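Asks:
Numbering (this note's numbering), first residue to last: 114 to 208.
1) Counting only the same chain and skipping the five closest in sequence on each side, list residues whose C-beta sits under 6 Å from that of residue 155.
2) Taking the alpha helix (DSSP H) that residue 196 belongs to, which residues open and close that run?
3) Going by other Cβ atoms of all chains shown within 10 Å of its Cβ, with 16 needed for buried, is residue 145 buried or exposed?
4) Measure the CB-CB distance between residue 137 and residue 130 and report whether it falls below 8 Å.
5) Distance, Cα to Cα, residue 175 vs residue 157?
6) Which one or two residues does DSSP pair with residue 209 in a beta bridge?
7) I believe residue 148 touches residue 204 by the beta-carbon criterion, under 8 Å. Please report the beta-carbon distance rounded to the nearest angstrom.
8) Would you check if the distance between the CB atom of residue 182 and the CB atom of residue 132 is smaller than 8 Å?
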């Protein structure tokens with residue numbers, strides 16, 4: 114039986130997507146609600162925009178309380194469109 118992720122006998126390495134929140138969201142220069150370019154170019158919909166978890170928001174309109182998270186990296190096609198379009202270069206993809 115072939116393993117999921119096997120391609121021509123080689124196991125596909127896991128995709129790792131990291132977002133630098135010092136550039137986007139939390140302490141970043143860009144409000145993820147205004148930008149969201151990574152969300153727009155990602156065909157498999159890897160990213161999710163949400164309020165920061167575990168923090169009681171002071172103001173739902175405060176950009177510091179919002180994030181973009183790569184919640185489904187397993188469906189990433191590794192096209193790197195998100196890396197290319199991010200104006201703050203806050204996204205890195207590796208495998």
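We put the beta carbon where it would ideally sit given N, CA and C, even for glycine. If you're wondering where the values come from, they're calculated on a predicted model, not measured in any experiment.
Replies: On the basis of the supplied data:
1) 195
2) 194-198
3) buried
4) no
5) 28 Å
6) Residue 209 lies beyond the range of the chain shown here (114 to 208); nothing can be said about it.
7) In fact, because the Cβ distance is near 11 Å, the residues do not count as touching under 8 Å.
8) yes
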